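To convert a position in the sequence shown, counted from 1, into this note's numbering, add 3.
Ideal placement from N, C-alpha and C gives every residue a C-beta, glycine not left out.
Treat the numbers as computed from the prediction; the structure is a model and nothing was measured.
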Amino acid sequence: MKKKYNITLNLIGLRCPEPIMIIRKTLRNMKKNEKILVLSDDPSTKRDIPNFCYFMQHVLLENKIDNKPYYYLLKKGV
Numbered sequence: 004m005k006k007k008y009n010i011t012l013n014l015i016g017l018r019c020p021e022p023i024m025i026i027r028k029t030l031r032n033m034k035k036n037e038k039i040l041v042l043s044d045d046p047s048t049k050r051d052i053p054n055f056c057y058f059m060q061h062v063l064l065e066n067k068i069d070n071k072p073y074y075y076l077l078k079k080g081v
């Protein structure tokens with residue numbers, strides 16, 4: 004089975020603002036439409052990652068935030 008993402012970021016243990024800073028830096032070095040899987044246990048990512056994707060024009064394809072660790076699948080936009 005082919006994995007659905009190009010890069011995995013394990014951000015467990017990091018707290019705001021570090022997860023968003025690392026995601027932003029990683030996406031900057033990716034090509035358009037590549038995907039990144041983010042794992043985090045920071046409750047603020049439930050709010051921050053969707054907002055980040057919206058404002059930076061990336062796509063939040065999936066998220067699982069019912070239990071820790073939280074999973075986010077993002078696709079690089081413009």
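Asked	Found
Leaving aside the five residues before and after Arg18 along the sequence, list all residues of the same chain whose C-beta is less than 7 Å from its C-beta, in chain order.	Asp45
Using the DSSP secondary-structure output, state which residues sit across from Asn66 in a beta bridge.	Tyr75
Considering only the beta carbon of each residue, do Tyr74 and Leu30 sit closer than 8 Å?	no
So, for Tyr8: in the same chain, excluding its five sequence neighbours on each side, which residues have a beta-carbon less than 7 Å away from its beta-carbon?	Lys38, Ile39, Leu40 and Leu76
Look at Pro22 and Leu14 and say whether their C-beta atoms are less than 8 Å apart.	yes
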